[in-house]
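Asker: The numbering used here runs 104 ahead of the 1-based position in the sequence shown.
Ideal Cβ positions, reconstructed from N, Cα and C, are used throughout, including at glycine.
Predicted, not measured: the structure shown is a model, and the values here were computed from it.
My questions all concern the structure below.
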Amino acid sequence: MTVASASAIAPFLLPALLLLFAVVLGSGAGELDLEAGAAAALLEFKRELVDVDGRLTSWDDGASEDPCGWAGVACSPGGEVTGITLPGLNLHGRLSAAVCALPHLAVLNVSNNALTGPVPPGLAACAALEVLDLSTNALHGAVPPGLCALRALRRLFLSNNLLVGGIPPAIGNLTALEELEIYSNNLTGKIPTSIRALQRLRVIRAGFNDLSGPIPVELTECTSLEFLGFAHNNLTGEVPRELSRLKNLTTLFLWQNGLSGEVPPELGNCTSLQEIYLSENKLTGIIPGELGRIPTLQLLYLNENRLQGSIPPELGQLSTIRDIDLSENKLTGIIPGELGRIPTLQLLYLNKNRLQGSIPPELGQLSTITQIDLSTNNLIGTIPAAFQNLSGLESLRLFDNQLHGDIPPLLGANSSNLSFLDLSDNQLTGSIPPYLCKYQKLTFLSLGLNSLVGEIPPGVKACRTLTRLRTRLIVELSMLQNLSSLEMHQNRFSGRIPPEIGKFRSTQRLIPSDNYLVGHIPAAIGNLTRLVTFNVSSNQQLTGPIPRG
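Written out as structure tokens, the structure is:
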């Protein structure tokens, strides 16, 4: 221990030692009374707490002077207190450093309580601490720099509090540290370069703070890292190419920052990666095909960036991937058919890009797919007939493209969990397939802004689960009484609003604007007691007053 660190700890260590020595000197034989000394330290710790639910009633030297039998207290075979574990007990009050009078205390866990006040600087005197878990409380103030003198500390959990200030520059002194969790606070400043000294560090979770500046290259010297999380901060600069040094890295959480530059192709050398979250940044350039070399990758989120170029077909080599989200970029070119060969893919989001060409029929071979969103692109051609075979499909969004032809007639017939279908704003023709609500799971159906003909099939009319319908067809809708939203605007409806509309008792949004409706608004509208939005504008031949409810 350096002179500086010793002098920093001394003011906090002295009261704790005096407390212990007072009990020792008070023993009749003058011998070290471990039980009485430990009990005194624990009771001093308890005095600062408010035990709302009476969970610490056993902490009473009148009932038992042996604290090893007290709730949440662990002891060694020799009777020394080694752990205090009190998570989720609805404890209020403040945290005391009195427990630092326990020379063998290795674990202090008071997580998931309602403690307030600062993190006591006196905890720096708990020299034997290996685990300090103060997470999920309401602690405020700065992280005490003295904690960085706890050379035995392996796990430091301060997440979900109200802490402010920066990560202490002396964090590099915690050379035994394996896990550092400080997410969901109000921490500011830069990531200290001294972190390079933490060669045993496996997990760092510092998301949901206000950290700024670049990701220091020195961080990549922590070669034991498995989890690297700085999501939802204000980090800038590039994603370090040197991350390729981290051969054990499984999780990379850097989403929602201000990172720029390219997605490093070198990430393809991180052959243990399972999750890549780089979404909601300012990344540019292309998606590197090298990502297809990561054999363990399960989640790839690059959405909401400024990526350009085509989707690399090499992504089809990712044999374990579940989610691919490349949405809200500036991607061009075609959708690679190779994506349809991924045996584990469950989610494919390519929406809000500039993709062209047809939807590859190979996507109909995705036996595990549940969510497909290809909306808001420039796709042409027909909806692949093979989509009728997607048995696990829950949500299909193809709206705002230039698709034409008929909707596959058996769409929904084999999809027992289909709940969301939006094919609107295309050039589709033909009739509505009869099996869309075969399994009574469909809640949202949007087919508007197409050229469909005929009526809504009986199976869809009787869809009890359907709560939102957007269509341009003039049909009998009175059976769809669970609708919360009926949106028919900007179509070519004509005729009168049927009085049966009053049966839609759950409807909150009724929007038949911009059509060719005529006559009076039926008085039955007044029965819609939950109605929040009602828009009949731009129907020039509607007459009469709006009925009162």
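1) In angstroms, rounded to a whole number, what distance separates the CA positions of ASN554 and GLN506?
2) Keeping to the same chain, check which residues put their C-beta closer than 6 Å to that of LEU212; ignore five residues upstream and five downstream.
3) At the level of alpha carbons, what is the spacing between ALA175 and ARG198?
4) Thinking just about the alpha-carbon of each residue, which of ASN352, ALA517 and THR340 is nearest to the one in LEU358?
5) Tell whether a beta-carbon distance below 8 Å holds between HIS171 and ALA142.
6) From the DSSP output, which residues share a beta bridge with VAL177?
7) Can the beta-carbon of SER328 be found less than 8 Å from the beta-carbon of LEU305?
8) In chain order, what residues of the same chain lie with their CB nearer than 7 Å to the CB of ASN281, ignoring the 5 residues before and after it?
9) Let me know the beta strand (DSSP E) ranges lying completely inside the segment 375 to 430, each 3 residues or longer, listed in chain order.
10) In this structure, how does DSSP classify VAL343 when only helix, strand and coil are distinguished?
11) Any idea what DSSP makes of ILE299, helix, strand or coil?
12) Going by other Cβ atoms of all chains shown within 10 Å of its Cβ, with 16 needed for buried, is ALA242 buried or exposed?
13) Do the CB positions of LEU546 and SER523 come within less than 8 Å of each other?
14) Could you tell me how far apart the beta carbons of PRO440 and GLY413 are, in whole angstroms, since I believe they sit closer than 8 Å?
15) Could you say which of SER383, GLN402, LYS386 and GLU384 lies nearest to LEU377 if we only look at CA atoms?
16) Verify the CB distance criterion: does GLY413 have a CB-CB separation below 8 Å to chain D?
17) I'd like the span of the alpha helix (DSSP H) that includes PRO562, first residue to last.
18) Report yes if the C-beta distance between GLY509 and THR486 is below 8 Å; otherwise report no.
19) To the nearest whole angstrom, what separates the beta carbons of GLY496 and THR474, a pair I think is in contact under 8 Å?
20) Assign GLY437 to one of three DSSP states: helix, strand, or coil.
21) Going by CA-CA distance only, name the one from THR448, TYR539 and LEU209 that's closest to SER471.
22) Given a threshold of 16 other Cβ atoms within 10 Å of its Cβ, counted over all protein chains shown, does LYS434 qualify as buried or as exposed?
23) Short of 6 Å in beta carbon distance, which residues of its chain neighbour GLY606, apart from the five on each side in sequence? Order them along the chain.
24) For a test of the three-state rule: what should DSSP assign to ILE308, helix, strand or coil?
25) Can you list, in chain order, the residues of its chain with a C-beta nearer than 7 Å to that of ALA232? Leave out the 5 residues immediately preceding and following it.
26) I need the straight-line Cα distance from LEU395 to ASN639, nearest angstrom please.
27) For GLN492, which three-state DSSP category applies?
28) Would you mind sorting ALA229 into buried or exposed? The rule is 16 or more other CB atoms within 10 Å of its CB.
29) Can you give the beta carbon distance from ILE476 to ILE446, rounded, assuming they're within the 8 Å contact cut?
30) Can the beta-carbon of LEU266 be found closer than 8 Å to that of HIS244?
31) DSSP state of SER535, grouped into three classes?
32) Just to confirm before moving on: does the CB-CB distance between ALA202 and GLU169 stay below 8 Å?
33) Quick check on DSSP: helix, strand or coil for ALA274?
34) The beta strand (DSSP E) spanning TYR453 covers which residue range?
35) Taking the beta carbon of ASP429 as the centre, do at least 16 other beta carbons fall within 10 Å, making it buried, or is it exposed?
36) Quick one: residues in its chain with C-beta nearer than 6 Å to the C-beta of GLU580, no 5 flanking neighbours on either side, listed in chain order?
Answerer: Taking the definition as stated:
1) 10 Å
2) ILE188 and LEU236
3) 19 Å
4) THR340
5) Sequence inspection shows Pro at residue 171; the His mentioned does not correspond to that position. Contact: yes.
6) ILE188
7) yes
8) Per the sequence shown, residue 281 should be read as Leu rather than Asn. So the qualifying residues of the chain are LEU257, ARG258, LEU260, LEU302, ARG304 and LEU305.
9) 379 to 381, 403 to 405 and 427 to 429
10) coil
11) helix
12) exposed
13) yes
14) Incorrect: roughly 12 Å between the Cβ atoms, too far for contact.
15) GLN402
16) Within the model displayed, chain D is absent; a lone protein chain is all it includes.
17) 562 to 565
18) yes
19) 5 Å
20) coil
21) THR448
22) exposed
23) ALA628 and ASN631
24) strand
25) PRO207, HIS208, LEU209, ALA210 and ALA256
26) 49 Å
27) helix
28) buried
29) Going by Cβ atoms, the distance from ILE476 to ILE446 rounds to 13 Å, so no, they are not a contact pair.
30) yes
31) coil
32) no
33) helix
34) 451 to 453
35) buried
36) Summary for GLU580: the model assigns pLDDT 49, below 50, so the residue's position carries little reliability; its value from the coordinates is reported in the next sentence. Same-chain partners within the cutoff: there are none.
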